[in-house]
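Working notes, beginning with the structure itself.
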Amino acid sequence: MDETALLDQWKTNPRVDDIMGYLQKRIDDRRRSGILYDDEIRTELGFWLTEVLAGRPSGESTLQHYLSMTGEWRLQLHPSLSTHRGLIGRIFLWIKKRILYPPLRWIIEQNEMNAARQDHLNLSLLNILEETILENGRLKARVARLEKASAERTPPGPGEPPQP
Amino acid sequence: MKIAFVIHRYAETIVGGSEFHCRRIAEELSARHAVEVLTTTAEDYVTWKESFAPGVETINGVTVRRFKIKNRRNLVRFKEISDVCFHNPAHTAEDELEWIRANGPESPDLLDFIRKRHSDYDVILFYSYRYYPSYFGLGEAAGKAILVPTAEEDPAVYMTIFADYFRRPAGILFLTPEERDLVGKVAHGDLPPSEVIGFAVDIPPSLDAEAFKARHGLRHPFLLYVGRIDRNKGCDGLFHYFTEYSRRRTEDVDLVLVGTKALDIPNHTRIKHLGFLTDREKFEALQACELLIMPSPYESLSIVVLEAWAMGKTTLANGLCKVLRGQSRRSNGGLFFDNFSEFCEGLDFLLAHPDIRAALGRSGQAWLQANFQWSHVMEKIERLIAAAIKPAAAERSSPPR
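So the sequence lines, in the order shown, correspond to chains A and B.
No gaps in the numbering here: position 153 of the first sequence is 153 in the working numbering, and each next residue is one more.
In the working numbering, each number is its position in the second sequence, counted from 1, plus 1000.
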């Protein structure tokens, strides 16, 4: 069905899946032709970078988001207190949490602040790495386009038919 | 039948979220049953500051018992324990229980009342799994408890303590099929009997969109956002996308925001904030807009999306939220976006094709009318009570063999 017929059909019977498929095809077409694609990626990246720099609690970088990395690389900003020793262990844990931890808190907070700065720096560096990856991708695409254009312009060799 | 609702806060002034859902269901059920609400004295959802006196009052024909709160929410402590529970894989179940207590509103009096008086009620509906009254209260009356989890796909639902908790009530009322799937995924084992109830929309009579636009000086066509203006609702992303969209396009369209502000709004000529509006004015805004934008990544049910469809308006929603994506696809009532390209493409398409925009709105409206009238919602609730509570009660009252 051609585009006009589809649009006419949706005026009376809109199908969300079909419309979303149509919009996705338009985006893919623009991607293939290079129109706006870099610009849109930049906007998307800018949004994520703003979020990371704003210190969003979930703190996901675009790289982490797209690669679905686990959170294991993150710095542990809070002391992890746990026990496997039953009642005795829980008593020690209580003493650690309620008696030892509060007076040591000001030292911990000092370390926490530095660790938070490092965490922030790590996330910012990840975003810079992303920018480098994207720039590399753009350059590769540009080189491929130039090579293709160059091949098309190459004059036919002796005995070869001229290119259409 | 005598039915109790347990919820963290309850007031006529709360016009969205699980509290609004709870109030409207309680009011509708009160036409056929004796209904009471057991809640706290808080109105502010951030601090749980006491706004009401403890005691009994009546709101729209429903008896409301308010219990005092032991502590206001300590936001520093809550952030600390949230970081531990959401980012430290070695955290313990005790940490998670501490998270529930820190989340609050902590009301031992309310728990005490449920413990002593639960036999006065035939069924008790517990709203929102993550709050202190529902988490600890459900354990006091599990045999006659119906849970309305209002679960969203955020980090809290994956805490280990909820895996067993979701199996404890006699029945569960879900708001969407996506919520049922989510809870089924995190629970250890089979869930109790359940129903997916959704919500019914009541449209105020005699709306006047033109008068609304004149009153608020809205001279251009506009996209509408209704809800709390908050990072958690995806508003920062919406502002970013809309300002970028406006910079690239020449469409004469504004973004109008309705709701209380918990986030800085960009100073942009095309973004207008109207603040909190009455229910009537909210529906007039829906009638006047081109379409509703819903950027929230976490929803168990978006009531305002249903309200937009009830008004015959289409929606453009965050497709990363499974609930919004599912609702849009089932109803054929609106489009969705996963990224900026899709946001631009979807908006361009809807603004350029008013006939299709209207057809999508009509489709959403028809879906709502076919599936979510009050009679449908009430029938499902009664059915679940019959399936989950009555057999349990009969089992309790039958003589031992």
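Just so you know, even glycine gets a beta-carbon here, dropped at the ideal spot from N, CA and C.
Straight-line Cα distance separating residue j from residue i
| i | j | result |
| --- | --- | --- |
| L1255 of chain B | M1311 of chain B | 19 Å |
| N127 of chain A | K1002 of chain B | 57 Å |
| N1332 of chain B | F1136 of chain B | 40 Å |
| S100 of chain A | L1138 of chain B | The question names Ser, but residue 100 of chain A is Leu in the sequence shown. Cα to Cα, L100 of chain A sits roughly 35 Å from L1138 of chain B. |
| R56 of chain A | A141 of chain A | Interpretation of R56 of chain A is limited by its pLDDT of 43, a score under 50 that renders its predicted location unreliable; no figure is taken from the coordinates. |
| L1173 of chain B | Y1165 of chain B | 14 Å |
| E1342 of chain B | P1149 of chain B | 31 Å |
| G1231 of chain B | E1152 of chain B | According to the sequence provided, residue 1231 of chain B is Arg. The question's Gly does not apply to it. Answer to the nearest angstrom: the Cα atoms are 15 Å apart. |
| E3 of chain A | L1360 of chain B | 18 Å |
| V1226 of chain B | L1306 of chain B | 12 Å |
| D29 of chain A | E135 of chain A | 21 Å |
| T1092 of chain B | S82 of chain A | 7 Å |
| G1017 of chain B | V1186 of chain B | 22 Å |
| S33 of chain A | R26 of chain A | 11 Å |
| W1309 of chain B | G137 of chain A | 42 Å |
| S1375 of chain B | V1037 of chain B | 22 Å |
| V1377 of chain B | N1267 of chain B | 42 Å |
| A1386 of chain B | P1169 of chain B | 14 Å |
| P1193 of chain B | S1246 of chain B | 49 Å |
| K1116 of chain B | T1039 of chain B | 16 Å |
| Q1365 of chain B | M20 of chain A | 20 Å |
| R1219 of chain B | F1349 of chain B | 22 Å |
| L146 of chain A | T132 of chain A | 21 Å |
| I88 of chain A | A1090 of chain B | 20 Å |
| L1411 of chain B | D1202 of chain B | Shown here, chain B extends from 1001 to 1401; a query on residue 1411 of chain B therefore has no answer. |
| F1212 of chain B | R1249 of chain B | 27 Å |
| Q163 of chain A | E152 of chain A | Caution is warranted here: a pLDDT of 45 is assigned to Q163 of chain A, below 50, making its placement in the model unreliable, and no coordinate value can be reported. |
| F1126 of chain B | A1004 of chain B | 9 Å |
| E1098 of chain B | I1081 of chain B | 7 Å |
| G46 of chain A | G1055 of chain B | 51 Å |
Unbroken alpha helix (DSSP H) run spanning residue i, endpoints
| i | result |
| --- | --- |
| V1076 of chain B | 1075-1087 |
| I1059 of chain B | Unbroken run through I1059 of chain B is the beta strand (DSSP E), 1055-1059; no alpha helix (DSSP H). |
| M1311 of chain B | Taken as a continuous stretch (DSSP letters only), M1311 of chain B belongs to no alpha helix (DSSP H), as it is neither H nor E. |
| C1022 of chain B | 1017-1029 |
| Q24 of chain A | 16-33 |
| D1230 of chain B | It is not in any alpha helix (DSSP H) - D1230 of chain B carries neither H nor E in the DSSP assignment. |
| Q9 of chain A | 3-12 |
| D1348 of chain B | 1340-1352 |
Closest Cα partner of residue i within the set the options
| i | options | result |
| --- | --- | --- |
| R1072 of chain B | B:P1105, B:K1079, B:T1092, B:H1087 | B:P1105 |
| G1217 of chain B | B:V1226, B:R1231, B:L1274 | B:L1274 |
| L1277 of chain B | B:L1097, B:T1013, B:F1005 | B:T1013 |
| F1339 of chain B | B:D1279, B:E1244, B:P1169 | One point to set straight first is that residue 1339 of chain B is Asn, not Phe, in the sequence displayed. It is B:E1244. |
| D1112 of chain B | B:R1215, B:I1069, B:A1262, B:S1300 | B:I1069 |
| H1033 of chain B | B:A1366, B:P1192, B:G1061 | B:G1061 |
| A1026 of chain B | B:A1200, B:Y1129, B:D1154, B:T1160 | B:A1200 |
| R1228 of chain B | B:S1296, B:N1267, B:R1383, B:E1281 | B:S1296 |
| L1178 of chain B | B:L1075, B:Y1298, B:A1156, B:V1123 | The question names Leu, but residue 1178 of chain B in the sequence shown is Glu. Of B:L1075, B:Y1298, B:A1156, B:V1123, the residue nearest in Cα terms is B:Y1298. |
| L7 of chain A | B:G1364, B:R1247, B:W1367, B:R1357 | B:R1357 |
| S1051 of chain B | B:A1042, B:V1084, B:L1263 | B:A1042 |
| S1030 of chain B | B:I1059, B:A1053, B:P1054 | B:I1059 |
| R15 of chain A | B:W1367, B:L1384, B:A1388, B:F1078 | B:W1367 |
| V1006 of chain B | B:P1054, B:K1261, B:P1133 | B:P1133 |
| Y22 of chain A | B:L1335, B:S1119, B:N1371, B:F1086 | B:L1335 |
Residue range of the beta strand (DSSP E) that includes residue i
| i | result |
| --- | --- |
| F1067 of chain B | 1062-1067 |
| T1315 of chain B | 1315-1318 |
| G1334 of chain B | 1334-1337 |
DSSP beta-bridge partners of residue i
| i | result |
| --- | --- |
| H1273 of chain B | B:L1257 |
| L1111 of chain B | L1111 of chain B pairs with nothing; no bridge assigned. |
| T1047 of chain B | Partner(s): none; T1047 of chain B has no beta bridge. |
| A1145 of chain B | B:I1124 |
| K1002 of chain B | B:A1034 |
| E1294 of chain B | First, the amino acid is wrong: residue 1294 of chain B is Met here, not Glu. Paired residue(s): B:A1317. |
| S1174 of chain B | One point to set straight first is that residue 1174 of chain B is Phe, not Ser, in the sequence displayed. B:V1196, per the DSSP bridge assignment. |
| Y1225 of chain B | B:L1257 |
| E1106 of chain B | B:N1071 |
| A1042 of chain B | B:E1050 |
**Study point:** Positions along the region 1247-1280 of chain B whose CB lies within less than 9 Å of some CB in chain A
**Key:** R1248
Exercise for review: With 7 Å as the limit, tell me which residues of the region 1356-1369 of chain B have their beta carbon closer than that to any beta carbon of chain A; keep them in chain order.
Suggested key: I1356, A1359, L1360, S1363
Exercise for review: Return the residues of the region 1335-1350 of chain B that lie within a Cβ-Cβ distance of less than 8 Å from chain A, sorted by chain order.
Suggested key: L1335, F1336, N1339, F1340, S1341, E1342, C1344, E1345, G1346, F1349
Practice item. With 7 Å as the limit, tell me which residues of the region 1317-1331 of chain B have their beta carbon closer than that to any beta carbon of chain A; keep them in chain order. Key: S1328, R1329
Review point. At a Cβ cut of 7 Å, what residues of the region 1084-1112 of chain B count as close to chain A, listed as they run along the chain?
Key: V1084, H1087, N1088, A1090, T1092
Check your understanding: Taking Cβ-Cβ distances below 9 Å as the criterion, which residues of the region 83-96 of chain A are in contact with chain B?
Key -> T83, R90, L93
Practice item. Name, going along the chain, the residues of the region 1231-1246 of chain B whose beta-carbon falls closer than 8 Å to a beta-carbon of chain A. Key: R1231, D1236, G1237, H1240, Y1241, E1244
Point to revise | Against chain B: residues of the region 125-140 of chain A by CB proximity under 8 Å | key: none
Check your understanding: If contact means a Cβ-Cβ distance below 7 Å, which residues of the region 11-31 of chain A contact chain B?
Key -> K11, T12, P14, R15, V16, D17, I19, M20, L23, R26, I27
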